[in-house]
Amino acid sequence: MQSKKIIAIVFLFIAGFVLAYFFVVKKMGQDSSDTSSDEVGQEEVYSGPECFYADIVEKISADHNADDCKCIKDKESKSLCVDMANDLDLLDKSASDLNIDNCDKIKNNETKVSCRDMVKSGLEIKEREVSNIHGIEMKTRSEYEKIRNQNPNDVGNLISLALSYLRESAGETVEQVDTDKINGALLIIKEAKKIEPDNSRVYSAEGYIYVVSLQNDKAIVAFSKSLELDSNNNEALIKRATVYSLLGKSNEAIADLEKAAALDKDKINAEIYMSLCELYAKNSDKQKAAENCNIIINSNDNQILKNEAKKTLESII
């Protein structure tokens, strides 16, 4: 479920990419159609009315069907149209199966990077239990409710209770998420804030609830408040960096991750260095990207992460 939610954010990013093509390609297609239509007509078997890429971009974005491009007579515009349809189809497949190999087949570099970010984030969320984020042993909601009845001021238990509501909110798709459970979790966090308004962990938990429910601006505010109360809250730094990355704010994400790495310098946190590896590569900072990629390659036992770091390193060499 959580990985599906990442898709919605990434598609908002891709929408900008689509709109850019809307204006650029429409003019290109109209300017060149007069000069190239005779030549393309000799190669095409399509005999229906002519169309331009910009005229069908909404349809391509919806169905990812390269056959929609047949009506474009300009050869270059048609090629771009087919590439766009195929790229979006691969992006959709990657979102479904979280297979990064599909991302590597995407031709547009910006879409490829977004796809890899999406798969990485989806796998991280899928592999990590909500309860483990705060180092709390998982119990059932009813068990947390019993503790709450016995000790209503136990903030640690309230955080666990809120996260148990969050687990129960899960659905197969974003549309199936139980918003009542999300709201229930937020109400419990509100209760915890009244008891301990200066508890950094409370705001960190609130931020995570907002991330899961796709309220990313509110998540940033919550994580920032958590860090205002405890600037060394590594979990809040890492999760805020994840949200910044999803929103396309690479520099802010890098700043948070670099601080998190410095705080955690006694051990290698693969999540931090893999994210830095990819973000620096995205920013075309080859030296920094190589430094962080090599940390993963040389010091991590996770073969999947090693392979990812190697792929990222190869892409910038």
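Residue numbers 785 to 1101, in the working numbering, belong to the letters of the sequence shown in order. Note that CB positions come from ideal geometry on N, CA and C, so glycine has one too. Please read these numbers as outputs of a predicted model, since none were measured by experiment.
By how many angstroms is the C-alpha of S845 removed from the C-alpha of A1065? Here residue 1065 refers to the residue found at position 281 when the sequence shown is read from its first residue. Here residue 845 refers to the residue found at position 61 when the sequence shown is read from its first residue. Roughly 27 Å separates the two Cα atoms.
C-alpha gap between I849 and V897, whole angstroms: In the sequence shown, residue 849 corresponds to position 65, counting from 1. In the sequence shown, residue 897 corresponds to position 113, counting from 1. In the sequence on display, residue 849 carries Asn and not Ile. Their backbone Cα atoms lie some 22 Å apart in a straight line.
Cβ atoms of N1082 and Y1057: under 8 Å apart, would you say? One-based indexing of the sequence shown puts residue 1057 at position 273. One-based indexing of the sequence shown puts residue 1082 at position 298. No, Cβ-Cβ distance for Y1057 and N1082 is not below 8 Å.
Spatial neighbours of S1010 within its chain, please: CB distance less than 7 Å, with the 5 preceding and 5 following residues excluded, ordered by chain position. Residue 1010 sits at position 226 when you count from the first residue of the sequence shown. Within the same chain, S1010 has close Cβ partners S984, Y987, S988, G991, N1017, A1020.
Let's test the definition: count the other Cβ atoms within 10 Å of the Cβ of K811 and tell me whether it reaches 16, buried, or not, exposed. Here the question's residue 811 lines up with position 27 in the sequence shown. Here K811 scores only 45 on pLDDT, less than 50, and its place in the model is too uncertain to base an answer on.
Flag this pair as touching only if the stretch 1036-1045 and the stretch 867-883 have three or more C-beta atom pairs under 8 Å; answer yes or no. Too few Cβ pairs lie closer than 8 Å, so no.
I856, DSSP secondary structure in three states: As a position in the sequence shown, residue 856 is number 72, starting the count at 1. Residue state, collapsed to three classes: strand.
Since I1038 contacts L1013 with CB under 8 Å, what's their CB separation in whole angstroms? Within the sequence shown, residue 1038 is the residue found at index 254, counting from 1. Within the sequence shown, residue 1013 is the residue found at index 229, counting from 1. Not confirmed; about 23 Å, so no contact.
Taking a contact to mean a Cβ-Cβ separation below 8 Å, would you say S1034 touches R1024 in this structure? Translated into the one-based positions of the sequence shown, residue 1034 becomes position 250. Translated into the one-based positions of the sequence shown, residue 1024 becomes position 240. Contact flag unset, no.
Rounded to whole angstroms, what is the Cα-Cα separation between I1100 and T1026? Working through the sequence shown from its first residue, we reach residue 1100 at position 316. Working through the sequence shown from its first residue, we reach residue 1026 at position 242. Cα to Cα, I1100 sits roughly 22 Å from T1026.
Report all residues from its chain with a CB closer than 7 Å to the CB of Y928; omit the five preceding and five following residues, and keep chain order. For the purposes of this step, residue 928 is taken as residue 144 along the sequence shown, with counting starting at 1. Within the same chain, Cβ atoms closer than 7 Å to the Cβ of Y928 are found at N941, S944, L945, S948, the five residues on either side in sequence being excluded.
Bridge partner(s) assigned by DSSP for C835: Counting from one through the sequence shown, the residue named residue 835 turns up at place 51. Per DSSP, I856.
Alpha carbon to alpha carbon, how far is Q814 from E842? Looking up residue 814 in the sequence shown gives position 30. Looking up residue 842 in the sequence shown gives position 58. For Q814, the predicted structure reports a pLDDT of 45, less than 50, and the residue's modelled location is therefore unreliable. The matter cannot be settled from this model.
Exposure of T895, with buried meaning 16 or more beta-carbon neighbours within 10 Å: Here residue 895 is taken as the residue at index 111 of the sequence shown, counted from 1. It is buried - the Cβ of T895 has at least 16 other Cβ atoms within 10 Å.
Under 8 Å between C-beta atoms of V866 and C855: To locate residue 866, count along the sequence shown from 1; it is residue 82. To locate residue 855, count along the sequence shown from 1; it is residue 71. No.
Terminal residues of the alpha helix (DSSP H) in which G940 lies: Counting from 1 along the sequence shown, the entry for residue 940 is found at position 156. In the DSSP annotation of this structure, the continuous segment of the alpha helix (DSSP H) that includes G940 starts and ends at 939-952.
Given that a residue counts as buried once 16 or more other Cβ atoms are within 10 Å of its Cβ, and exposed if not, what is K965? The count along the sequence shown starts at 1 and reaches residue 965 at position 181. The C-beta of K965 has 16 or more other C-beta atoms within 10 Å across all chains shown, which makes the residue buried.
Integer-rounded CB distance, given that I1080 should sit under 8 Å from A1054: Position 270 of the sequence shown, counted from the start, is the residue given in the question as residue 1054. Position 296 of the sequence shown, counted from the start, is the residue given in the question as residue 1080. Contact flag correct, Cβ pair sits at about 6 Å.
I think F836 touches S863, with their Cβ atoms under 8 Å apart; what is that distance to the nearest whole Å? Start at 1 with the first residue of the sequence shown, and residue 836 comes out as number 52. Start at 1 with the first residue of the sequence shown, and residue 863 comes out as number 79. Incorrect: roughly 14 Å between the Cβ atoms, too far for contact.
Among K1051, L1031, R951, T1096, which has the Cα closest to the Cα of L1060? For the purposes of this step, residue 1060 is taken as the residue at position 276 of the sequence shown. The option with the nearest alpha carbon to L1060 is T1096.
Neighbour-count burial assignment, D885, 16 or more Cβ in a 10 Å radius: Within the sequence shown, the letter at position 101 stands for residue 885. Exposed.
CA nearest to the CA of K891, picked from L882, R900, N870, A879: On the sequence shown, residue 891 is found 107 positions in, with the first residue counted as 1. Nearest Cα to K891 within the set L882, R900, N870, A879: N870.
Three-state secondary structure (DSSP) at D1107? Because the chain here runs from 785 to 1101, residue 1107 falls outside it and cannot be looked at.
Once DSSP output is grouped into helix, strand and coil, what is the label at D885? As a working note, residue 885 is residue 101 in the sequence shown. In this structure, D885 counts as helix in the three-state DSSP scheme.
DSSP three-state label for S997, please. Residue 997 sits at position 213 when you count from the first residue of the sequence shown. In the structure shown, S997 sits in coil (DSSP, three-state: anything other than H, G, I, E or B).
For the putative contact between R925 and E952, defined by C-beta atoms under 8 Å, what is the C-beta separation to the nearest angstrom? Counting from 1 along the sequence shown, the entry for residue 925 is found at position 141. Counting from 1 along the sequence shown, the entry for residue 952 is found at position 168. The Cβ separation is near 7 Å, so the contact holds.
When I1052, K1051, I1004 are compared against L1030, the one with the closest alpha-carbon: Along the sequence shown, one-based indexing puts residue 1030 at 246. Distance from the Cα of L1030 is smallest, within the candidate group I1052, K1051, I1004, for I1004.
From the DSSP output, in three-state form, read off K891 for me. Translated into positions along the sequence shown, residue 891 becomes position 107. The answer is coil: DSSP assigns K891 none of H, G, I, E or B.
By Cβ distance, which residues of its chain are closer than 6 Å to A969, with the 5 residues on each side in sequence left out? What you label residue 969 is simply residue 185 of the sequence shown in a count that begins at 1. Non-local beta-carbon contacts of A969 in its own chain, meaning distances under 6 Å to residues more than five positions away in sequence, involve A946, Y949, L950, I993 in chain order.
Between the Cα of N1067 and the Cα atoms of K1002, L1047, G1032, A1046, which residue gives the shortest distance? As a working note, residue 1067 is residue 283 in the sequence shown. With distances taken between Cα atoms, N1067 lies closest to G1032.
Identify whether D962 lies in helix, strand or coil by the three-state DSSP scheme. As a working mapping, residue 962 is identified with position 178 in the sequence shown. Three-state result, D962: coil.
For A883, which residues in the same chain have their Cβ closer than 8 Å to its Cβ, ignoring the five residues on either side in sequence? Counting from 1 along the sequence shown, the entry for residue 883 is found at position 99. For clarity, residue 883 is Asn in the given sequence; the question names Ala instead. Excluding residues up to 5 positions away in sequence, K877, V903 lie with their Cβ nearer than 8 Å to the Cβ of N883 in the same chain.
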